[in-house]
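Residues in the sequence shown are numbered consecutively from 1, following full-length UniProt numbering.
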Amino acid sequence: MSNQPIQVAISNYTHSEKELGDWETLDVGKGTLFFRSQREALVLKDPQTDQRRGFYVDCSGNDSVNGYLRVAFRGLDKQLGFEGQKQAGFYIRNASGIPDVQVFVSSFNGAGVDEWYEVPDNFEDRTKGFWSREGWEMVVFRDPATEEEKGWYLNTDGGTVEVTFNGFDKGISTFHCKS
Numbered sequence: 001m002s003n004q005p006i007q008v009a010i011s012n013y014t015h016s017e018k019e020l021g022d023w024e025t026l027d028v029g030k031g032t033l034f035f036r037s038q039r040e041a042l043v044l045k046d047p048q049t050d051q052r053r054g055f056y057v058d059c060s061g062n063d064s065v066n067g068y069l070r071v072a073f074r075g076l077d078k079q080l081g082f083e084g085q086k087q088a089g090f091y092i093r094n095a096s097g098i099p100d101v102q103v104f105v106s107s108f109n110g111a112g113v114d115e116w117y118e119v120p121d122n123f124e125d126r127t128k129g130f131w132s133r134e135g136w137e138m139v140v141f142r143d144p145a146t147e148e149e150k151g152w153y154l155n156t157d158g159g160t161v162e163v164t165f166n167g168f169d170k171g172i173s174t175f176h177c178k179s
């Protein structure tokens, strides 16, 4: 059941529209980006049962004109990731040149799913590579071909941390963006 897609719709209060937008299908492991700059209504629907669940989410960013909301669907029995510009967490990319590197981000602070996911090689597509977390978490990288692993204990400190994996022998580089 967790491999079935869901449908998602979001309001557009940002542009003074009072109606919910069109439904978009969201497959497991995929994300979609909505450009908004204030609080919006987000509704999820199971297309098979018509069961719905709604959220009122903040899409704004501090001193930002161009807000957004990213919705990532990892399965009905997994974390639904919401990410707006003000949300704390980790953007993670693989700059090591090692193909198919995976990452595991702990959920010590109660948010998220601590499972392995493939890491994108850049930060260009903000719909990929974001883990919503608050505070201190373990970020572990793995090469599935060799099973080599290496991890770091990192703090979001209420902001977003860009984490670049440079390789098992070269470590990581981080850039902290305070919200």
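Virtual Cβ for every residue (Gly too), placed ideally from N, Cα, C.
For this session: Inspect the beta-carbon positions of Val8 and Leu20 and report whether they are closer than 8 angstroms.
Result: By 1-based counting over the sequence shown, the position of residue 8 is 8. By 1-based counting over the sequence shown, the position of residue 20 is 20. No.
Exercise. Within 10 angstroms of its Cβ, does Glu40 collect 16 or more other Cβ (buried), or is it exposed?
Worked result: Locating residue 40 in the sequence shown gives position 40, counting from the first residue. Glu40 comes out buried.
Exercise. Can Arg142 and Phe104 be called in contact, C-beta distance under 8 angstroms?
Worked result: Stepping through the sequence shown from its first residue, residue 142 is reached at position 142. Stepping through the sequence shown from its first residue, residue 104 is reached at position 104. Taking 8 angstroms as the cut-off, the beta carbon of Arg142 is found closer than this to the beta carbon of Phe104.
Exercise. Is Lys18 buried or exposed, if buried means 16 or more other CB atoms sit within 10 Å of its CB?
Worked result: The count along the sequence shown starts at 1 and reaches residue 18 at position 18. Lys18 is exposed by the Cβ-count criterion.
Exercise. In terms of DSSP beta bridges, what is Arg36 paired with?
Worked result: As a first step, residue 36 is located in the sequence shown; it is residue number 36 there, counting from the start. None; Arg36 has no bridge partner.
Problem set entry | Of the residues Cys59, Ile10, Phe35, Ser16, the one placed nearest Lys45, counting alpha carbons only | Walking along the sequence shown from the start, residue 45 turns up at place 45. Lys45 has its Cα closest to that of Ile10, out of Cys59, Ile10, Phe35, Ser16.
Problem set entry | Identity of the residues DSSP links to Trp152 by a beta bridge | Taking the sequence shown and counting its residues from 1, one reaches residue 152 at position 152. Partner(s): Val139.
For this session: Kindly give me the distance between the Cβ atoms of Ile98 and Val163, rounded to whole angstroms, as I take these residues to be in contact under 8 angstroms.
Result: Here residue 98 refers to the residue found at position 98 of the sequence shown. Here residue 163 refers to the residue found at position 163 of the sequence shown. The C-beta separation of Ile98 from Val163 comes to about 15 angstroms, leaving the pair out of contact by the 8 angstroms criterion.
Problem set entry | Simplified DSSP state of Thr25, which is helix, strand or coil | Taking the sequence shown and counting its residues from 1, the one referred to as residue 25 is at position 25. Strand, per DSSP.
Exercise. By Cβ distance below 7 angstroms, which residues in the same chain neighbour Tyr153 in space, the five residues on each side in sequence not counted?
Worked result: Counted from its first residue, the sequence shown places residue 153 at position 153. Hits under 7 angstroms: Trp136, Met138.
Problem set entry | Where the beta strand (DSSP E) through Tyr117 begins and ends | Within the sequence shown, the letter at position 117 stands for residue 117. Looking at the DSSP string, the run of the beta strand (DSSP E) that includes Tyr117 is 116-118.
Exercise. What are the start and end residues of the beta strand (DSSP E) that includes Lys18?
Worked result: The residue given as residue 18 occupies position 18 in the sequence shown. Where Lys18 is concerned, the enclosing beta strand (DSSP E) stretches over 17-20.
Problem set entry | Residues near Glu134 in its chain [Cβ-Cβ closer than 7 angstroms; skip 5 each side] | Locating residue 134 in the sequence shown gives position 134, where the first residue counts as 1. Only residues of its own chain outside the window of five on either side were considered, and among them Ala88, Asn109, Ala111, Thr156 have a CB closer than 7 angstroms to the CB of Glu134, listed in chain order.
Exercise. To the nearest angstrom, how far is it from the Cα of Asp22 to the Cα of Asp100?
Worked result: Position 22 of the sequence shown holds residue 22. Position 100 of the sequence shown holds residue 100. When rounded, the distance between both Cα atoms is 34 angstroms.
Exercise. In this structure, does DSSP put Thr49 in helix, strand or coil?
Worked result: Here the question's residue 49 lines up with position 49 in the sequence shown. Coil, per DSSP.
Exercise. Can you tell me where the beta strand (DSSP E) with Arg93 in it begins and where it stops?
Worked result: Reading the sequence shown from its first residue, position 93 is the one you call residue 93. Counting along the chain, the beta strand (DSSP E) containing Arg93 begins and ends at 89-94.
Problem set entry | Own chain residues within Cβ distance below 8 angstroms of Gln51, not counting five before or after | In the sequence shown, counting from the first residue as 1, residue 51 sits at position 51. Closer than 8 angstroms at the Cβ level, and outside the excluded window around Gln51, lie Lys45.
For this session: Ignore the nearest five residues each way along the sequence and tell me which others in Ser173's own chain have a CB closer than 6 angstroms to its CB.
Result: Position 173 of the sequence shown holds residue 173. The residues are Thr164.
Problem set entry | For Arg36 and Val166, the rounded distance between their alpha carbons | Numbered from its first residue, the sequence shown carries residue 166 at position 166. Numbered from its first residue, the sequence shown carries residue 36 at position 36. Residue 166 is actually Asn in this sequence, not Val. Distance from the CA atom of Asn166 to the CA atom of Arg36, rounded to whole angstroms, is 33 angstroms.
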